Amino acid sequence: MSRRDSPLLPASDAREAALFFVIGALCFLAALAALTTRGTYKAAEAWGAQIEGDITVVMRDTDRRTAEQAANRVASLANVFEARVLSRDEVEELLEPSLGPGGMPDGLPIPMLMVVQADTAVGDPSDDVAEILDELGIDGDVAGNAGYADNVRGALGVLRLVALSIVALLSATAIAVIAFATHAALLARRDIVDVLHLSGAEDRYIAGLFERRFWILALQAGLGGAVTALMVTALIVFTGSGAQGVEAQLLPRLSLDFWDIVILLVTPIMAGLAARLAARITVLASLKETL
Amino acid sequence: MTRFRPDLSDEPAVRLDGVSLAYERTGEVLTELDVVLRQGSFTFLTGPSGAGKSSLLKLMYLAHAPTRGAIRLFGRQTHELKRKQLAALRRRIGVVFQEFRLLNHLTAFENVALPLRVAGQKPDQYQNEVIDLLRWVGLGERVDAPTPSLSGGEQQRVAIARALINKPDLLIADEPTGNVDPEMGRKILRLFVELNKRVGTTILIATHDLELIREFNAPVLRLNNGLLVRDVEYGAAE
Ligand SMILES: Nc1ncnc2c1ncn2[C@@H]1O[C@H](COP(=O)(O)OP(=O)(O)OP(=O)(O)O)[C@@H](O)[C@H]1O
Ligand SMILES: [Mg+2]
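Heads up: the sequence lines are chains S and L, in that order. Using my numbering, read the first sequence as starting at 1031 and increasing by one per residue. Using my numbering, read the second sequence as starting at 14 and increasing by one per residue.
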């Protein structure tokens, strides 16, 4: 009959099951908060850039042909993605809220509208657009959204800060709770610590046993929580991808990229380290009380 | 070149000088004790319940530091030792606890093997020894029994085997025969005597069993109310 070393610590008890749940739940929340924050970041970036790049040009006293000509020249500018003149229907649709559904009275002079999608990363094309209008003898106004975008950006900045604070607070809480719960679970194992100690085990040896135990426990629980967060995120991405228009733009942009995977991996490791450190400190402290 | 090495062979195994112990809640339970256990001696410790027998043993097996006074084990001043050195010293002491202190999630075999495992040995190295010792205490059939399934007397014998497994220089046993029948009690005592005679293990046994003390006719330390009443007397209990 050959024997192997069986674990010196008991398999697991209700207290550790509770600890497992606590760590899993906290890691779930922390990972979800981190993922959502990243999503909000990305949405804010995209939304801010888009608003900033939108330029509307109002052209009075001109025909559609000249307007199209202007649009073509604007579109060929280096820092412009797209420029087009809105059709009469589109303009009517835009004005409908102010004019009512009856449609535009015939003969009412309505201005031509050109929408320009600018690449603001290269430079603001407003001045170039105004020049083109001048050259073609069009009386027009160029209205950028840059000022409006600044306000939006300010609001998004506050939002980011709030989200980051929530993630930081949640992570800190998670670490503190994990440490505390580990401490409590360990106090119940005091008898084992004492017997090992009196059998001549060194402090490091005893602490190592508990460190390994709680490191693995927290790692597994943290992974469980993070994977659940991943699944919830995937669900949101999946169901949310159907949404269109403004609502979709305002939703946090959840998708899974490299950094999201990093978040999902870092969460259990942080939990594991917190539990491990707490186990070490608790065991060594309780040993220091003895001779 | 020979290095100078102090010869400690004449040092007592245990030496207490003016040792007192006070617990936080109960106050002083041991007062100004002077005790010497020579290496290779065999001694009984007796006294009424609550006299402080277990407390005195705890000081000797390094579970507590004394509130006052000094303890020397094998010639080493214990309060001067580092934690690592204390651990090494504990490995030279076998202890049978009054309340056994077996680990319930382990089997009889695993409990007995504990001190060897802690010292870094692998199952291959100690397997036969552990089984032999368990056989010797009459538990050959219960080697792999889970600890909670053992009777009080069986658990006590596991505790004794655990105390003996690493061939300690000093054996401290707190009521080691309290839960076994007189016949097993005598058998255990005879093993202790044999260890003492053959290997030179220093042995200190706390017991209420005056019959046993009389029969084995060894020096007796008598505690009462934390004081050493009579130092050493031979087999003259009551
Ligand atoms: N851990 C402790 N904390 C506080 N007081 C204690 C502790 N252990 C023992 N005492 C007290 O110290 C006194 C001596 O106890 P001890 O266990 O040493 O007596 P004993 O002689 O071994 O008794 P018994 O024969 O019943 O085993 C008792 O009054 C007890 O209440
Ligand atoms: Mg006692």
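Beta carbons: idealized from backbone N, C-alpha and C, even for Gly. All figures in this text were calculated on a predicted structure; none of them were measured in a lab.
Does residue i pass the burial test, meaning 16 or more other C-beta atoms within 10 Å, or should it be called exposed?
| i | result |
| --- | --- |
| Glu10 of chain L | Because chain L in this structure spans residues 14 to 251, residue 10 of chain L falls outside the shown range and cannot be described. |
| Gly1184 of chain S | exposed |
| Phe1050 of chain S | buried |
| Leu43 of chain L | buried |
| Thr120 of chain L | buried |
| Ala977 of chain S | For residue 977 of chain S there is no data in the structure shown, the boundaries of chain S being 1031 and 1321. |
| His1227 of chain S | buried |
| Arg1090 of chain S | exposed |
| Leu129 of chain L | buried |
| Gly60 of chain L | buried |
| Leu1199 of chain S | exposed |
| Ala1047 of chain S | exposed |
| Asp137 of chain L | exposed |
| Met1261 of chain S | exposed |
| Gly1230 of chain S | buried |
| Ser1042 of chain S | exposed |
| Phe122 of chain L | buried |
| Ser1195 of chain S | exposed |
| Ser54 of chain L | buried |
| Asn124 of chain L | buried |
| Asp1287 of chain S | exposed |
| Asn230 of chain L | exposed |
| Glu154 of chain L | exposed |
| Ala176 of chain L | buried |
| Val1225 of chain S | buried |
| Val212 of chain L | exposed |
Out of the options, which has the shortest C-alpha to C-alpha gap to residue i?
| i | options | result |
| --- | --- | --- |
| Asp1154 of chain S | S:Asp1091, S:Arg1220, S:Gln1080 | S:Gln1080 |
| Ala1105 of chain S | S:Thr1269, S:Asp1158, S:Val1192 | S:Asp1158 |
| Gly40 of chain L | L:Val125, L:Thr80, L:Gln134, L:Tyr139 | L:Thr80 |
| Leu1107 of chain S | S:Ala1064, S:Val1146, S:Ser1316 | S:Val1146 |
| Ala219 of chain L | L:Pro136, L:Asn179, L:Val109 | L:Val109 |
| Val1110 of chain S | S:Thr1092, S:Asp1149, S:Arg1103 | S:Asp1149 |
| Leu70 of chain L | L:Gly53, L:Glu112, L:Asp187 | L:Asp187 |
| Asp1233 of chain S | S:Ser1201, S:Ser1042, S:Leu1314, S:Gly1083 | S:Leu1314 |
| Ala1151 of chain S | S:Gly1078, S:Val1207, S:Asp1119, S:Ala1160 | S:Gly1078 |
| Leu1056 of chain S | S:Leu1265, S:Gly1252, S:Asp1287 | S:Gly1252 |
| Ile1222 of chain S | L:His118, L:Lys200, L:Phe229 | L:His118 |
| Pro189 of chain L | L:Leu234, L:Leu127, L:His221 | L:His221 |
| Thr1212 of chain S | S:Thr1312, S:Leu1038, S:Gly1054 | S:Thr1312 |
| Asn192 of chain L | L:Asn209, L:Thr214, L:Arg175, L:Ser164 | L:Ser164 |
| Arg1219 of chain S | S:Ile1236, S:Asp1119, S:Thr1086, S:Ile1208 | S:Ile1236 |
| Ala1160 of chain S | S:Thr1086, S:Ser1201, S:Arg1310, S:Val1292 | S:Thr1086 |
| Leu1216 of chain S | S:Ala1259, S:Leu1249, S:Asp1290, S:Ser1316 | S:Ser1316 |
| Gln90 of chain L | L:Leu29, L:Gly133, L:Ile216, L:Thr215 | L:Leu29 |
| Arg1034 of chain S | L:Met197, L:Ala126, L:Phe205 | L:Ala126 |
Identify the continuous alpha helix (DSSP H) that holds residue i and give its terminal residues.
| i | result |
| --- | --- |
| Val125 of chain L | 121-131 |
| Ala1055 of chain S | 1044-1083 |
| Val150 of chain L | First-last for Val150 of chain L: undefined, no H or E at that position. |
| Arg1033 of chain S | Unbroken run through Arg1033 of chain S: none, as it is neither H nor E. |
| Pro215 of chain L | This sequence places Thr at residue 215 of chain L; Pro is not what is there. Here Thr215 of chain L belongs to no alpha helix (DSSP H); instead the beta strand (DSSP E) covers 215-219. |
| Ala1309 of chain S | 1288-1319 |
| Ile1222 of chain S | 1220-1228 |
| Ala1160 of chain S | 1156-1165 |
Below 8 Å on the Cβ atoms is my guess for residue i versus residue j; work out the distance and round it to an integer in Å.
| i | j | result |
| --- | --- | --- |
| Trp1245 of chain S | Gly1302 of chain S | 5 Å |
| Val1088 of chain S | Leu1143 of chain S | 6 Å |
| Ala1101 of chain S | Arg1114 of chain S | 6 Å |
| Gly1255 of chain S | Gly1054 of chain S | 4 Å |
For residue i, report the span of its beta strand (DSSP E) as first-last.
| i | result |
| --- | --- |
| Gly40 of chain L | 40-50 |
| Tyr36 of chain L | 27-36 |
| Thr56 of chain L | 55-59 |
| Asn117 of chain L | Taken as a continuous stretch (DSSP letters only), Asn117 of chain L belongs to no beta strand (DSSP E), as it is neither H nor E. |
| Phe1111 of chain S | 1110-1115 |
| Pro232 of chain L | 232-237 |
| Ala186 of chain L | 183-187 |
| Leu1143 of chain S | 1142-1148 |
| Arg105 of chain L | Segment: none, Arg105 of chain L is in no beta strand (DSSP E) and carries neither H nor E. |
| Gly166 of chain L | Counting along the chain, Gly166 of chain L falls outside any beta strand (DSSP E), though it belongs to the alpha helix (DSSP H) covering 165-177. |
| Ala1101 of chain S | No beta strand (DSSP E) holds Ala1101 of chain S; the alpha helix (DSSP H) holding it covers 1094-1105. |
**Message:** Taking 8 Å as the cut-off, does the segment 151-164 of chain L touch the segment 64-84 of chain L (at least 3 CB pairs, one atom from each stretch)?
**Reply:** no
**Request:** Flag this pair as touching only if the segment 1057-1075 of chain S and the segment 1167-1174 of chain S have three or more C-beta atom pairs under 8 Å; answer yes or no.
**Result:** no
**Request:** Specify whether the segment 232-241 of chain L and the segment 63-72 of chain L touch according to this definition: at least 3 beta carbon pairs, one from each stretch, less than 8 Å apart.
**Result:** yes
**Message:** Taking contact to mean 3 or more Cβ pairs, one atom from each stretch, closer than 8 Å, check whether the segment 165-185 of chain L and the segment 130-148 of chain L are in contact.
**Reply:** yes
**Message:** Three Cβ pairs or more, each shorter than 8 Å: is that satisfied between the segment 97-113 of chain L and the segment 177-184 of chain L?
**Reply:** yes
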